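FYI, the numbering for the sequence shown is 1 to 176, going by this note's numbering.
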Amino acid sequence: MRVRWFALVALFALGCGDEEAPDLADTVDFASGEFQITTHSVVDECLDGGLNLLFMPEGDETPWGWEFPIELYAESELPRTYDIQLRDPFGAMTVNAVDSGVDLQQMIANKDGVSLGSQYGDCVANIDSVVEMSLVDSNTAEGLASLSLSNPVGDDCPVDLPPSCSVFLSIEAARQ
């Protein structure tokens, strides 16, 4: 899994530097549809793993399938703004999805006042999310989610939680 993580970090950095244009004949024929998202790893730069259970509730060694399917769209249908449903404490979020290159999509979402989980009581933070998805084939995508947490407030917030920090997720999407 560590190799996949570094590959996704490299994917996240795409667009930097001079790159040769890809062969359009090699692009993925990707239709819109509902996808099961699975989180495979978490890198928590906020509390050194203290937030991992928020994103992988069954533990770091157990990939976690999201409770609700997520709609992904064909590149020809982007840009698009739409609502998705996530498990508690995240709830409903509005996503702005854009075509970010050949067989690449970027989804951006923001939500204020998200609970950091029952282990942190009344502690809430704002979350700005950027998800880079690479379309692998017509039924599969993989990506890296970068979640920036800021403005943590509440009496139960850990004293070592910085005012802003990031959590990274390695995810996969499979057509339902």
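Note that the Cβ used here is the ideal one computed from N, Cα and C, for glycine as well.
Note that the structure is a prediction, hence the values are computed from the model and not measured.
Is the separation between the beta-carbon of D137 and that of N110 shorter than 9 Å?
Within the sequence shown, residue 137 is the residue found at index 137, counting from 1. Within the sequence shown, residue 110 is the residue found at index 110, counting from 1. Not closer than 9 Å, so no.
Classification of P22 by the beta-carbon crowding that lies within 10 angstroms, buried from 16 upward:
Position 22 of the sequence shown, counted from the first residue, corresponds to residue 22. With a pLDDT of 46 at P22, under the threshold of 50, the modelled position of that residue is not reliable, and the figure given next carries that caveat. With fewer than 16 neighbouring CB atoms inside 10 Å of its own CB, P22 falls in the exposed class.
Could you tell me the alpha carbon to alpha carbon distance between T39 and S134, rounded to whole angstroms?
Within the sequence shown, the letter at position 39 stands for residue 39. Within the sequence shown, the letter at position 134 stands for residue 134. The C-alpha of S134 is placed about 15 Å away from the C-alpha of T39.
Nearest to Q106 by CA position, among V159, Q176, P69 and L78, is which residue?
The residue you call residue 106 lines up with position 106 of the sequence shown. Here the closest residue by C-alpha is L78.
Neighbourhood of C165 by C-beta, 7 Å cutoff - its chain only, sequence neighbours within 5 removed
In the sequence shown, the residue the question calls residue 165 occupies position 165. Here the set comprises E45, C46 and L149.
Can you give me the C-alpha to C-alpha distance between W64 and T81, rounded to a whole angstrom?
Along the sequence shown, read from residue 1 onward, the residue named residue 64 stands at position 64. Along the sequence shown, read from residue 1 onward, the residue named residue 81 stands at position 81. Approximately 26 Å between the Cα atoms of the pair.
Bridge partners - L104, DSSP secondary structure assignment
What you label residue 104 is simply residue 104 of the sequence shown in a count that begins at 1. Per DSSP, G101 and S134.
Kindly list the residues whose CB is nearer than 6 Å to the CB of L24, restricted to its own chain and excluding five residues on each side of it in sequence; keep chain order.
Residue mapping note: residue 24 aligns to position 24 of the sequence shown, counting from 1. Bear in mind that the predicted position of L24 carries a pLDDT of just 47, short of 50, making it unreliable; the figure below should be weighed with that in mind. Cβ contact annotation for L24 (same chain, cutoff 6 Å, sequence separation greater than five): none.
Per DSSP, Q36 is paired with what?
Here residue 36 corresponds to residue number 36 of the sequence shown, with the count starting at 1. When DSSP reads this structure, Q36 sits in a beta bridge with A174.
Assuming L72 is part of the beta strand (DSSP E), what are its boundary residues?
Indexing the sequence shown from 1 puts residue 72 at position 72. Going by DSSP, L72 is part of the beta strand (DSSP E) stretching over I70 to L72.
Simplified DSSP state of F55, which is helix, strand or coil
On the sequence shown, residue 55 is found 55 positions in, with the first residue counted as 1. Correct three-state label for F55: helix.
With distances taken from CA atoms, which of M93, D156 and V131 is nearest L144?
On the sequence shown, position 144 is the one that residue 144 refers to. With distances taken between Cα atoms, L144 lies closest to V131.
Could you check which residue in G33, I108, V167 and N52 has the C-alpha nearest to that of L62?
As a working mapping, residue 62 is identified with position 62 in the sequence shown. In the sequence as displayed, the identity of residue 62 is Thr instead of Leu. It is N52.
Within its chain, find whatever has a CB closer than 6 Å to the CB of N139; leave out the 5 residues flanking it on each side and keep chain order.
By 1-based counting over the sequence shown, the position of residue 139 is 139. Excluding residues within five positions, the ones whose Cβ falls inside 6 Å are R175.
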